[in-house]
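Asker:
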Amino acid sequence: MSNTLWSLAVIAVLAGFIVLGRLINRDGSRVMLWHNVVWIFVLALLATNLMAYYEASATSWLVLIVGLVAFNIAALLAFSLSDDSKHSILVPETVAPVISRSFLYAATAIYFAAFAVYLNVISNTYGLDVLVSDPGSIRALPLDGESYLSKTPLLARLGLNLGPVLLVIYAVRSAVPIPLNIWFRVAMLAAISISMIAMLQRTNFFIAVLWYLAYLLSQRSARHGQTSGNALAASRSNRQVRNPKALLGFILGPLALFGSFQFLGNALGKAGNQDIYSGRVNDVLVSSGLADIFSYATGGIPAFLQLVESENFRRPPETPPGTLLIGDYNPQTYGTASLGPIAELIPGVPTWDPIAPFIDVGFLTNVFTWYELPFRDFRLLGVFVYAALLGFGLTWMFIRRFKSPTIFWVQSALFSTVFLSVFIAKTSTVIFWTGIIFVVLTSQSLKRKAVNANSKTFE
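Going by the working numbering, the first residue of the sequence shown is number 656, and it counts up by one from there.
1) Using the beta-carbon count (16 or more within 10 Å), is V718 buried or exposed?
2) Using the three-state DSSP reduction, which class does N967 fall into: helix, strand or coil?
3) Please work out which residues of its chain come closer than 6 Å, Cβ to Cβ, to L1028, disregarding the five sequence neighbours upstream and downstream, and give them in chain order.
4) Going by CA-CA distance only, name the one from A771, A853, I847, K1058 that's closest to R794.
5) Given a cut-off of 7 Å on the beta-carbon distance, is the pair L979 and F1023 in contact?
6) State the Cα-Cα distance for the pair R970 and S1076, rounded to the nearest angstrom.
7) Measure how close the beta-carbons of T1006 and E999 come, nearest whole angstrom, since I'm counting them as under 8 Å.
8) Answer with buried or exposed for A771, where buried requires no fewer than 16 other C-beta atoms within 10 angstroms of its C-beta.
9) Is it the case that the region 1082-1101 contacts the region 813-828, given that we only count it when at least three CB pairs across the two stretches are under 8 Å?
10) Compute the Euclidean distance between the alpha carbons of D1032 and S829, then round it to the nearest angstrom.
11) In whole angstroms, give me the CA-to-CA distance for L682 and T1050.
12) Can you give me the Cβ contacts of V1004 inside the same chain, cut-off strictly under 7 Å, excluding the 5 residues immediately before and after it?
13) Considering only the alpha carbon of each residue, which of V674, V692, Y709, W689 lies closest to T659?
14) Nearest-angstrom Cα distance between V820 and V939?
15) Helix, strand or coil for L774 per DSSP?
16) DSSP on Y709, reduced to helix/strand/coil?
17) Below 6 Å, is the gap between the Cβ of D682 and the nearest heavy atom of the ligand NAP?
18) Given a cut-off of 7 Å on the beta-carbon distance, is the pair S662 and L705 in contact?
19) May I ask which residues mark the beginning and end of the alpha helix (DSSP H) holding E1119?
20) Apply the 10 Å Cβ neighbour rule to A946 and answer buried if 16 or more other Cβ atoms are within range, or exposed otherwise.
21) Just to confirm, are A863 and V823 a CB contact at a threshold of 7 Å?
22) Does any residue of chain C have a CB that is nearer than 7 Å to the CB of P752?
23) Drop a sphere of 10 angstroms on the beta-carbon of F1136, count the other beta-carbons inside from all chains shown, and report buried for 16 or more, exposed for fewer.
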């Protein structure tokens, strides 16, 4: 079958799981719903053949289907087995604070100090004028064998990893015990957003915005664990607690994603010209000016399918930073791809570069969906286990999200990964886990302060 027919077949399967999940448990199936909506949307774009990707084999499509079906079945199992999913449990409309003001101010100071170090490195190496006038040259032409980020000291890079989580915290009014002034929050959101864009990394900004959207999606129900018997009551209750600020977030979030993607893409010279000049792009898409964003949205699926078919088991050769490496390299990595940050700490262990070589799918791309790393590690078994663990784990945590602020924030971060599932696996990056560790530490610190304050009250 053609890619179009396979895409339509997979869409039908995913739509069936959506219906089944909503019938069993409207709220508990929300992670599965949004996961499937994302994949259905991208597969529908792929089925249009506006970009003529190479046709993939039935074997590679079946590997992808194994992952998608495993995710859905595991999610169904999670809310079917959960005790919480069998009862109607009242939950608060807002989540308790997750960080104290003092901790937030300290983390913000650390972040901007790290950003100042980054700007100093850029100034000394390239010149700040180049950052403004020709940022693409900074990304494309590393000096002295090092990329621009590698030249930034390690401690500063760790501080910069706080950017996404700080952006989300300032966006959420109830994140601190005494809400911050709205104009101060807006100013901080603008400053952090500009600083993240100045680091020339679109995906990092996406992490923050998608985390915030997942936070809003996790809050939109006044009850969780609704069974099919009280689905109508849940729907009415849901409508009662939706507020204009949340709706505004749903509008501004996607606009911020689209705007930053287009702005940075044009600034870095990533306007989809390579795709257009290939002659495999439909004229309608060319004239729309959306070829770049279309290729980023859809390219991961055909790239993963090509990876599955590849019999090139060699490791990529060592090349200087900034070199465009092209090839369907497919060595088995036995866990070092998924656990890259940990593997790098072990001497002598061969690691996999998180920035993969480009692969030719009719166009050049180096994103392979979130199934890339588990497939590189353990092939079909890796895809199956990874998908099942995510489907079960994300749904299990979502059902229990109101048990504590820590669980709510961690699950919303994990929930956000489904929006990039057709693109990349952010669960294997340091910046993603930095945010999770940060909210765990801050929420537990705030909890201890509350316990100590209560104990002093009763003394």
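Ideal Cβ placement from N, Cα and C applies to all residues, glycine included.
Answerer: Inspection of the coordinates gives the following:
1) Against the sequence shown, residue 718 aligns to sequence position 63. With 16 or more other Cβ atoms within 10 Å, it is buried.
2) Taking the first residue of the sequence shown as 1, we reach residue 967 at position 312. In the structure shown, N967 falls within a strand segment according to DSSP collapsed to helix, strand and coil.
3) Taking the sequence shown and counting its residues from 1, one reaches residue 1028 at position 373. Excluding residues within five positions, the ones whose Cβ falls inside 6 Å are A992, S993, A1080, S1083.
4) The residue given as residue 794 occupies position 139 in the sequence shown. The shortest Cα separation from R794 among A771, A853, I847, K1058 belongs to A853.
5) As a first step, residue 979 is located in the sequence shown; it is residue number 324 there, counting from the start. As a first step, residue 1023 is located in the sequence shown; it is residue number 368 there, counting from the start. No. Outside cutoff.
6) Locating residue 970 in the sequence shown gives position 315, where the first residue counts as 1. Locating residue 1076 in the sequence shown gives position 421, where the first residue counts as 1. Rounded to whole angstroms, R970 to S1076 spans 25 Å at the Cα level.
7) To locate residue 1006, count along the sequence shown from 1; it is residue 351. To locate residue 999, count along the sequence shown from 1; it is residue 344. The beta-carbon separation of T1006 and E999, rounded to 5 Å, stays under the 8 Å limit for a contact.
8) Locating residue 771 in the sequence shown gives position 116, where the first residue counts as 1. Burial check for A771: the Cβ neighbour count within 10 Å stays below 16, so the residue is exposed.
9) Two segments are said to touch when three or more pairs of C-beta atoms, one from each, lie closer than 8 Å; by this definition the region 813-828 touches the region 1082-1101.
10) On the sequence shown, position 377 is the one that residue 1032 refers to. On the sequence shown, position 174 is the one that residue 829 refers to. A direct Cα-Cα distance of roughly 41 Å separates D1032 from S829.
11) Position 27 of the sequence shown, counted from the first residue, corresponds to residue 682. Position 395 of the sequence shown, counted from the first residue, corresponds to residue 1050. Per the sequence presented here, residue 682 reads as Asp, with Leu not at that position. Between the alpha carbons of D682 and T1050 lies a gap of roughly 10 Å.
12) Within the sequence shown, the letter at position 349 stands for residue 1004. Only T991, A998 meet the Cβ criterion.
13) The residue given as residue 659 occupies position 4 in the sequence shown. Of the listed residues, the one whose Cα sits closest to T659 is Y709.
14) Mapped onto the sequence shown, residue 820 falls at position 165. Mapped onto the sequence shown, residue 939 falls at position 284. Cα to Cα, V820 sits roughly 38 Å from V939.
15) Translated into the one-based positions of the sequence shown, residue 774 becomes position 119. Reduced to three states, the DSSP call for L774 is helix.
16) Counting from one through the sequence shown, the residue named residue 709 turns up at place 54. Here Y709 carries a coil assignment [DSSP, helix/strand/coil].
17) The model depicted lacks the ligand NAP and carries no ligand whatsoever.
18) Taking the sequence shown and counting its residues from 1, one reaches residue 662 at position 7. Taking the sequence shown and counting its residues from 1, one reaches residue 705 at position 50. With respect to the 7 Å criterion, S662 and L705 are not classified as neighbours on the basis of their beta carbons.
19) As shown, the chain starts at 656 and ends at 1114. That puts residue 1119 outside it, with no answer to give.
20) Position 291 of the sequence shown holds residue 946. By the Cβ-count criterion, A946 is buried, with 16 or more other Cβ atoms from all chains shown falling within 10 Å of its own Cβ.
21) Counting from 1 along the sequence shown, the entry for residue 863 is found at position 208. Counting from 1 along the sequence shown, the entry for residue 823 is found at position 168. Going by C-beta atoms, A863 is nearer than 7 Å to V823.
22) Of the protein chains in this structure there is only one, and it is not chain C.
23) Outside the displayed range of the chain (656 to 1114) lies residue 1136, so it cannot be described from this structure.
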